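Chemist: According to my numbering, the sequence shown is numbered sequentially starting from 313. Glycine included, each C-beta is placed from N, C-alpha and C at the ideal position. Here the structure is a predicted model, which is why all the values come from computation and not from measurement.
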Amino acid sequence: MMKKWVALLGLAVLIGIATYSFAEQNADSVDTLNNEQLGTDLLSSAGSELKKGDLPPDFTLTTLDGEEVRLSDYKGKKVILNFWATWCPPCKAEMPHMQNFYDANKEEVEVLAVNLTDKDNGVETIQQFIEDYELTFPIPLDKEGEVGTAYQALTIPTSYIITSEGTVQHKIVGPMDEAMMEQLISSTP
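1. If I'm right that Pro487 touches Glu422 with Cβ under 8 Å, what's the distance once you round it to whole angstroms?
2. Alpha carbon to alpha carbon, how far is Leu453 from Phe371?
3. For Tyr445, tell me which candidate among Leu367, Thr398 and Pro501 has the shortest Cα-Cα distance.
4. For the 8 Å Cβ check, are there 3 or more pairs between the stretch 384 to 403 and the stretch 426 to 440?
5. Count the other C-beta atoms from every protein chain shown that fall within 10 angstroms of the C-beta of Lys390, then say buried if there are 16 or more, exposed otherwise.
6. My assumption, with CB atoms under 8 Å, is that Thr375 sits in contact with Gln411. Please give the rounded CB distance.
7. Indicate the three-state DSSP secondary structure (helix, strand or coil) for Phe413 in the structure shown.
8. Report yes if the C-beta distance between Ile451 and Ala425 is below 8 Å; otherwise report no.
9. Only counting the same chain, and skipping five residues up and downstream in sequence, which positions put a Cβ closer than 8 Å to that of Ile438?
10. Between the C-alpha atoms of Glu436 and Gly478, what's the straight-line distance to the nearest angstrom?
11. With a 10 Å radius around its C-beta and 16 neighbouring C-beta atoms as the bar for buried, classify Ala465 as buried or exposed.
12. From the DSSP output, read off the bridge partner residues of Trp396.
13. Please report the Cβ distance between Thr470 and Thr500, rounded to the nearest whole angstrom; I am assuming they are in contact, meaning their Cβ atoms lie under 8 Å.
14. With DSSP as the reference, identify every bridge partner of Thr470, one or two as the case may be.
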């Protein structure tokens, strides 16, 4: 009787390993295909990727307080343009660093943290996030998702460092800390 159970258990383990191996081999090709198709569709609707020296698309968005924020109004000042959402763990980790950087550098550098409102959990959640993290820099709301699409913020957080002349200097995908912000800004004209 014990030999039957050992044999059945061994057979079940072999079937499990074979199934897992098959799934792993096929998952890579399916993921690649889907990502290629999705990437093509998203990129074709978003336009071409911004590169160093490019003039970024201007935009006008409104904050929760009803204040209009226009990127071109900050020409003459370096800008960290950040795209984020409240549900994003790397965004949550980045925000205290961004606030500390802003507090220390707001005379020379503007921080614009564009909330991808069309992908977030509602205006109340955004307001609560701002209060919880004690954020004081401008947070424009991208309610329709058009600005995030124009800047190809497909992964968040995504940030652009804009020169005082109003051109793109750096694109950063992923969270930044204060030291990284300092380094990027110091290398930006």
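Modeler: So, from the listed chains and residues:
1. About 19 Å separates the beta carbons of Pro487 and Glu422, which is beyond the 8 Å limit, so they are not a contact pair.
2. It is roughly 11 Å from the alpha-carbon of Leu453 to the alpha-carbon of Phe371.
3. The shortest Cα separation from Tyr445 among Leu367, Thr398 and Pro501 belongs to Thr398.
4. Because the criterion of three Cβ pairs below 8 Å is met, the stretch 384 to 403 and the stretch 426 to 440 touch.
5. So Lys390 ends up on the buried side.
6. The C-beta separation of Thr375 from Gln411 comes to about 16 Å, leaving the pair out of contact by the 8 Å criterion.
7. Of the three classes helix, strand and coil, the one that applies to Phe413 here is helix, per DSSP.
8. Yes. Within cutoff.
9. Only Leu376, Thr398, Asn427, Thr429, Asp432, Ile451 and Leu453 meet the Cβ criterion.
10. Between the alpha carbons of Glu436 and Gly478 lies a gap of roughly 32 Å.
11. By the 10 Å Cβ count, Ala465 comes out buried.
12. Answer is Asn427.
13. About 17 Å separates the beta carbon of Thr470 from that of Thr500, a gap too long to meet the 8 Å contact definition.
14. Looking at the DSSP assignment, Thr470 forms a beta bridge with Phe395 and Val485.
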